Amino acid sequence: MSKSTGVASRPVSVSDVSTPRAELFARVLDPASRANPYPLYAALRSEPVSRQSDGTWVVSGFDEIAALLHDPRISSDMTNAGQSAGGQSLIMQDPPNHDRLRAAVMGRFTPEVVESLRQEVHNLIDGLLDAVGSGTSLDLVEEIAYPLPVSVICALLGIPPQDEARFHGWADTLARTLDLDPTMSREEQAAIDHAFTELHHYLENLVADRAEHRGDDLVSGLLTGGDRGEPLRGQELLITVRLLLIAGHETTVNLITNGMLTLLRHPDILERFRREPELVVPMVEELVRYEPSVQFRYRAALADIEIAGTTIPRGSVVVLLLAAGSRDPGHFTDPDSFVPDRIPNEHFGFGGGIHYCIGAPLARMEAQIVLPELVRRLINPRLTMDPPPYRPTAALRGPRHLWIEVDGIRP
Amino acid sequence: MRVMVDLARCQSYGQCVFAAPEIFEISGQEVLEYDSAPSDEWRLHALRARAACPVQAITIGPAAGPGQDLRQPPATRPAADSVGVLR
Amino acid sequence: MSGYPSSRSERVVIVGASLTGLHAADALRDGGFTGHITLVGAEPHPPYDRPPLSKRVLAGRMSADSTGLPQRQDLDAHWRLGNAAVALDRDARTVTLEDGTTLGFDKLLIATGTRARRWPDPDEAALTGVLSIRTREDAVELQARLAARPGRVLVIGAGFVGSEVASVCRELGLDVTVVERSAAPLAGALGAWAGTAAGRLQRRHGVDLRTDTSVVELEGDADGRLRRARLSDGAVLDVDVAVVALGAVRNVEWLAGSGLTVDSRGVRCDPYCRAVDADGRPCDDILAAGDVACWPHPLYEGLLAVEHWDNAVRQARVAATTILHGPVREHTALPTFWSNQFGLNIKVVGVPGRADQVAVLQGSVERAAFVAAYGRGGRVIGALAVNTPRALDAYAEMISRRMSFPPDLNAADAPDPVHVLDLAVPAAG
Ligand SMILES: Cc1cc2nc3c(=O)[nH]c(=O)nc-3n(C[C@H](O)[C@H](O)[C@H](O)COP(=O)(O)OP(=O)(O)OC[C@H]3O[C@@H](n4cnc5c(N)ncnc54)[C@H](O)[C@@H]3O)c2cc1C
Ligand code: HEM
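As C-alpha cells, then:
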C-alpha cells in the first residue's frame, strides 16, 4: 500500500503541552502549530471556557460551544467587542438583519439549485484529473482542490467562463478575510483592498447585467427574491454574493485536501473506501469533524455570560473553538480517531445555530463526488511530505500544498 | 424502510431537505415534514440525510415489530418455553 | 453491580408497546442486555408514532400505516400484541394478560401511556361522529370524516391536540368551531398571554373560536348520529363531527390492587423510574416511564407528569439504565415538546404552565417569530419559541441554571423595551 514518508507522530499527548493555559491560544495562532493544533486544543479543554492573557475567552468544550452557538447574548458583530466594523455581510451580523439576509439567500439557494450543479462538479473533477495527464506527481491543492470550488461557485453565480480566471485571483486574495487575523501585514491588507475593489466593480456590472437579463443563476434569483425572502439589491446584494465566494472557497479546498491527506494517512480506510464507495456519505461528515476547515469563529459577548463555572464579561471577544468541541471526549468516543462511519456524529464542522453554514449541502455534494473520483483515478497515491506545508491562517486551516506521487491516472 | 425524526431535537436546519427532497420538506418557514415510510428507492438519499443532520435527529430502520425479530419465528418458538410464562 | 445482573436468564417484561416500550427495549440492547425482552401491547399494531395522527395523517398527506416507528437494531424481543395486561402480582412477579397468559418477570417496565379522555356522557359519547384522537384507528376514522367534507367540525377543547385538529380543518378548507372552557386556547400549557396570542392566530385563520364557553350537550338523531351541540352560552351548532380533545387519562386501571402508588397523575416513581409502593418505597424490580409516569424533578415543585414524545424516549432510556445498573442515573431532563399548527413551528421547554411572569425576549409576536421566557418566583422556568427552533437550547440552559427572571440577555433582536407581564399564579402540581 501507499507509504507516506515520515508520518507525524500524532497525537501529541496533553502532557507534552507545557504552555501556561492563558497562553495556549496564542500558540494556536502561531503558524508553527498549524500541522497539529489538536494537543493544544486538548490542553485548552481541561478548562472548557478559558480566559487568555490577551483578554479573549476561548471556549473549547462541546457542551459550552453548543450552548454559546445558540445563545442570544452572543453576537457575530464584532463591533460589540470594540473592534472596528469588519464585514457587513450576514456572517458578521446579528438578527434581525442577519435573519432577513439569510432568508433571502436560503430562498434561492434551494435543493434544486444545488442539485443542478452535480453534473458540473463531475465535469470539473474529470477535467482537472485529465489535465494532470501522464505525470506521476501532482500538487493536489494547486491542481485539483483549489480550482474546483471557485469554478463551482462561478457556475452557481452564473459567471461567464471567460471571466473565471479573474475570479480565481480575487478568491485567492479574499480567502484570508474570513480570518480575523491581527498578524496581517500592510501589503496583504492592501492586496485585499485592491481585490475587493476590483471584485466590487465586476459584481456591480454583473448585477446590472442580470437586472436586465434574468437567468436561472443565483444572482438573478437573489435579485428576484422568493417566497421566503425578499429580493436583495445594491450593496446588500454585492456583499452577499462576495460572501458566498469567500465562504465557499477555501473551506471547500481544505475539505478536499484534508480528505485526501487523511485517507493517505489511513491506508486501511482508503482500501475499505475503494471497496465501499458509499462510505463517502458518513466519511465526509467525519472529515468535517476530524479535520475541519473552519477551526474556530470569533464572537462578542452582549451581556455577562455565566458558563462552566466562570463569567464571560459583556464586551469580551469570545473564540468558539469549534474544532476542539468536535474532538471533546465528553461527547465522542475515541475523538482523536478517524472513524469513517461514525454514527451519530454531531459535530461543529459547519458551525451551529443561526449561522449554520449555508453552503454545507453544496460542500457535501462536492466532497462526495470528488473524493471517490480521486480514489478511483489516482493509481497508488503516496504522500511525498507529511505533514505537508500549511497556510498560516489558524481559523481557516489547511495545507498550502499536498504533493502526491502516483503510478498514473486511470481514465 | 421507516424514517423517524426526533422533532424535539430538530432545529429545522433543513439539511435533510437538500439530501433527500423526496422524503423531507420544510413547510412554511420552519416546519419540518417528512414521509416516514419512503420507498426503498430513496435509501441512499435517506442515509445522506441522516448523516447530514446537524443534530443527528434522524433514525432509519425497518419498521419495528415482530416481523423484524429474526431469532423469533413465532411458529417455531412458543413464548412459553423461554420467556418464563408461568401457568 | 451486584443485585443487577444482566444475565441471559433475566426476563424483562415491558407492558405498553408504543414509543416508551420500543425505546426501552432498544436502550436495553444498547446497554448490552442479553436476557429476554417481552413487549406486551393492548393495540394490535407494533409501535407507531402518534404526533402525525393529528397533523399529516389527519390532513390526508400520510397514511396511518406509515406511522410505524423504525427500529435501530434487532431487538430479539417477544411481542404480545393485541393482548392487554390485566393484573400485576408484585409478590409473585407476574403480569396476567387478557388472554389468561401469565408472564413472569425479573424486571417490569410499565409503559401503558394514556388514552383520550372520553366525552363524559356515555350516550352522547356513543353518537356516530363523536370522536377523539389517540390511536391509528381514531385518526383513520376522523380523517375519513374530514375527507367527506362535513359542513362544520366541532372541536371540544383547545389544548395542543384540539388546536392541531382545528389547524388541519382550516388547511382542508373546512369550517371549524373550537369551544374552550377557559379564556384562551393552549392557556393551560402556555399561560394566558400566549393563549391570547394563539387565539388571535386561530381567528385570523378562520377558526370560529369560542372561549369561556363549554359544550353542555351533544344531540343525535334517531339513527344515533351526531346532529347538534348545545353550548353553555345557549348557542346551538349544527354539526355532524365533534372531536373530543379534553386531554388524556392514564392507563393505570390494570394496576389496581398491585400495591403501587397510582393515581390520576399516573404511576408514582422515584427519579430513577422505579415505581413507588404504598409505603413510599421504590421497587427495584418495577419501573414506569413515559406518559404513564410521574416523578419528582429537581427543578420543579411536586411531581411532574409529562405527556410528550421527548420525555417518553428519554425516560425509557433512564429506565433501561436502572434495569441494567440500578439507581445510578436520575431522570432530570427538562420537559420539552413541539407542536405544528397554522404553519408555525412551536417549541416549548420547561414548564411554562406554572409561570407567574412572561416576557418576549427575542423577535416579535406580530411577525410570528419570537422567543418568550417564563418565570416563577424570579427564576426562569420555561420558554416558548415560535418559528425560532434554533433559539431554544439557550433557554433550556437558563432554566437548568435557575437563572433569575427576567434574564439580562441584551439580545440583538430583543424588543425595546422588554415588557414583563404578570400571569395569574397557577397552583403547583
Ligand atoms: C394525536 C397526538 C398528537 C401528539 N403530538 C405530539 C407532539 O406534537 N409533540 C409531542 O411532544 N408529543 C405529542 N404527543 C404525545 C406523544 O405521542 C406521547 O407522549 C407518546 O406517545 C407517549 O408514549 P408512551 O409510549 O409513553 O405512551 P402511549 O403512546 O400512550 O403508549 C402506551 C401504549 O400502551 C398500551 N397499553 C395501555 N394499557 C395497556 C395494558 N394494560 N396492557 C398492554 N398495553 C397497554 C396502549 O394501547 C398504547 O399502545 C401526541 C399524542 C397524540 C395522541
Ligand atoms: C467544507 C466546506 C465548508 C465549511 C467547513 C464551512 C463552514 C462554515 C462554518 C463553520 C460556518 C459558521 C460561521 C459562524 O458561525 O460564524 C459557515 C457559515 C457560512 N458558510 Fe460555510 N462552509 C463551507 C462551505 C461553504 C460553501 C460552499 C458556501 C457557499 C456556497 C458557504 C457559505 C457560508 C455562508 C454564507 C455562511 C454564513 C451563514 C450565516 O452567517 O448565517 N460555506 N460555514
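Residue numbers (full-length UniProt numbering), protein chains in the order written: chain A, 1 to 411; chain B, 1 to 87; chain C, 1 to 429. Where a beta carbon is used, it is the ideal one built from N, C-alpha and C, also for glycine. In this text the structure is predicted, and so the values were computed from the model without any measurement.
Can you find a C-beta in chain C that's less than 8 Å from the C-beta of residue i?
i                      : result
residue 308 of chain A : no
residue 4 of chain B   : yes
residue 28 of chain B  : yes
residue 44 of chain B  : no
residue 10 of chain B  : yes
Quick one: is residue i near chain A, going by C-beta distance under 8 Å?
i                      : result
residue 48 of chain B  : yes
residue 31 of chain B  : no
residue 64 of chain B  : no
residue 13 of chain B  : yes
residue 21 of chain B  : yes
residue 408 of chain C : yes
residue 18 of chain B  : yes
residue 60 of chain B  : no
residue 87 of chain B  : Any reading at residue 87 of chain B needs caution, since the residue's pLDDT is 25, under 50, leaving its predicted position unreliable; the model's value is listed next. No, because no Cβ of chain A sits closer than 8 Å to the Cβ of residue 87 of chain B.
residue 379 of chain C : no
residue 51 of chain B  : yes
Below 8 Å on the Cβ atoms is my contact criterion, and I expect residue i with residue j to pass it. Report the Cβ-Cβ distance as a whole number of Å.
i                      : j                      : result
residue 23 of chain B  : residue 51 of chain B  : Between residue 51 of chain B and residue 23 of chain B the Cβ distance is about 14 Å, and since that is not below 8 Å, they are no contact.
residue 103 of chain C : residue 17 of chain C  : About 13 Å separates the two Cβ atoms, so there is no contact after all.
residue 285 of chain C : residue 93 of chain C  : 7 Å
residue 61 of chain B  : residue 2 of chain B   : 6 Å
residue 109 of chain A : residue 358 of chain A : 6 Å
residue 423 of chain C : residue 357 of chain C : 6 Å
residue 81 of chain A  : residue 300 of chain A : 4 Å
residue 254 of chain C : residue 40 of chain C  : Residue 254 of chain C to residue 40 of chain C, Cβ: 10 Å. No contact.
Report the option in the options whose CA atom is closest to the CA atom of residue i.
i                      : options                    : result
residue 240 of chain C : C/152, C/45, C/400         : C/152
residue 119 of chain A : A/379, A/370, A/405, A/406 : A/370
residue 414 of chain A : A/154, A/325, A/339, A/257 : One cannot answer for residue 414 of chain A here, as it falls past the ends of chain A, which runs 1 to 411.
residue 321 of chain C : C/88, C/109, C/406, C/356  : C/109
residue 242 of chain C : C/85, C/263, C/218         : C/218
residue 126 of chain A : A/375, A/391, A/388, A/386 : A/375
residue 310 of chain A : C/69, C/209, C/401, C/47   : C/401
Counting only C-beta atoms, is residue i closer than 8 Å to chain B at any point?
i                      : result
residue 141 of chain A : no
residue 337 of chain C : yes
residue 149 of chain C : no
residue 90 of chain C  : no
residue 111 of chain A : yes
residue 364 of chain A : yes
residue 265 of chain C : no
Cβ-heavy atom distance between residue i and ligand 3 below 7 Å?
i                      : result
residue 251 of chain A : No copy of ligand 3 occurs in the structure displayed; its ligands are ligand 1 and ligand 2 alone.
With 8 Å as the threshold, decide whether the Cβ of residue i is near any Cβ in chain D.
i                     : result
residue 54 of chain B : Annotation note: the requested chain D is absent from the structure, which comprises protein chains A, B and C.
With 8 Å as the limit, tell me which residues of the stretch 272 to 288 of chain A have their beta carbon closer than that to any beta carbon of chain B; keep them in chain order.
Those would be 278, 281, 282, 284, 285, in chain order.
Report the residues of the stretch 57 to 83 of chain A with a CB closer than 8 Å to any CB of chain C, ordered along the chain.
Look at the stretch 57 to 83 of chain A: the residues with a C-beta under 8 Å from a C-beta of chain C are 66, 67, 70, 71, 72, 73, 75, 77.
Does the structure place the stretch 93 to 111 of chain A close enough to the stretch 225 to 235 of chain A that three or more beta carbon pairs sit under 8 Å?
Touching, yes, given that three or more Cβ pairs across the two stretches are closer than 8 Å.
Given a limit of 9 Å on CB to CB distance, which residues of the stretch 199 to 232 of chain A reach chain C?
Hits within the stretch: zero.
Determine which residues of the stretch 31 to 45 of chain A have a Cβ less than 8 Å from any Cβ of chain B, and write them out in chain order.
Taking 8 Å as the Cβ-Cβ cut-off against chain B, none of the residues of the stretch 31 to 45 of chain A qualify.
Tell me, please, whether the stretch 18 to 37 of chain B touches the stretch 295 to 307 of chain A by the rule of three or more beta-carbon pairs shorter than 8 Å.
Touching, no, given that fewer than three Cβ pairs across the two stretches are closer than 8 Å.
Could you list the residues in the stretch 385 to 400 of chain A with a C-beta less than 7 Å from some C-beta on chain B, going in chain order?
Listed by position along the chain: nothing, the set is empty.
If contact is defined by three or more beta carbon pairs under 8 Å, each pair taking one atom from either stretch, is the stretch 59 to 74 of chain C in contact with the stretch 135 to 148 of chain C?
Contact between the stretch 135 to 148 of chain C and the stretch 59 to 74 of chain C is present, because at least three Cβ pairs lie under 8 Å.
Interface residues of the stretch 289 to 322 of chain A facing chain B [CB-CB below 8 Å]
Cβ contacts with chain B come from no residue of the stretch 289 to 322 of chain A.
Please name the residues in the stretch 84 to 106 of chain A whose beta-carbon is closer than 7 Å to at least one beta-carbon of chain C, in chain order.
Listed by position, the residues of the stretch 84 to 106 of chain A near chain C (Cβ gap below 7 Å) are 94, 95, 96.
Pairing CB atoms from the stretch 374 to 381 of chain C with CB atoms from the stretch 322 to 336 of chain C, are three or more of them under 8 Å?
A contact between stretches requires three or more CB pairs, one per stretch, nearer than 8 Å, and the stretch 374 to 381 of chain C fails this requirement with the stretch 322 to 336 of chain C.
Against chain C: residues of the stretch 337 to 362 of chain A by CB proximity under 9 Å
Those would be 352, 353, 354, 356, in chain order.
contact_flag[the stretch 44 to 57 of chain C, the stretch 159 to 174 of chain C] where n(CB pairs < 8 Å) is 3 or more
Result yes; three or more Cβ-Cβ pairs closer than 8 Å.
Taking a Cβ distance cut-off of 9 Å, strictly less, list which residues of the stretch 305 to 326 of chain C are near chain A, in chain order.
Listed by position along the chain: nothing, the set is empty.
Count Cβ pairs between the stretch 151 to 162 of chain A and the stretch 386 to 404 of chain A that sit closer than 8 Å; are there 3 or more?
Between the stretch 151 to 162 of chain A and the stretch 386 to 404 of chain A there are fewer than three inter-stretch CB-CB distances shorter than 8 Å, so the stretches are not counted as touching.
Residues in the stretch 58 to 87 of chain C having any Cβ partner in chain B nearer than 9 Å:
Answer in chain order: 61, 62, 63, 65, 66, 67, 68, 69, 70, 71, 72, 73, 74, 75, 76, 77, 78, 79, 80, 81.
Validate contact between the stretch 249 to 266 of chain C and the stretch 203 to 219 of chain C using beta carbons, cut 8 Å, 3 pairs
No, the stretch 249 to 266 of chain C is not in contact with the stretch 203 to 219 of chain C.
Meets three-Cβ-pair contact criterion under 8 Å: the stretch 90 to 100 of chain A and the stretch 310 to 320 of chain A
Verdict: no, contact absent.
How about the stretch 247 to 258 of chain A and the stretch 128 to 147 of chain A: do they share at least three Cβ pairs that are nearer than 8 Å?
Contact between the stretch 247 to 258 of chain A and the stretch 128 to 147 of chain A is present: three or more C-beta pairs spanning the two stretches fall below 8 Å.
Would you call the stretch 243 to 253 of chain C and the stretch 223 to 232 of chain C touching, i.e. three or more CB-CB distances under 8 Å?
The stretch 243 to 253 of chain C, when compared against the stretch 223 to 232 of chain C, does not touch it at the 8 Å Cβ threshold.
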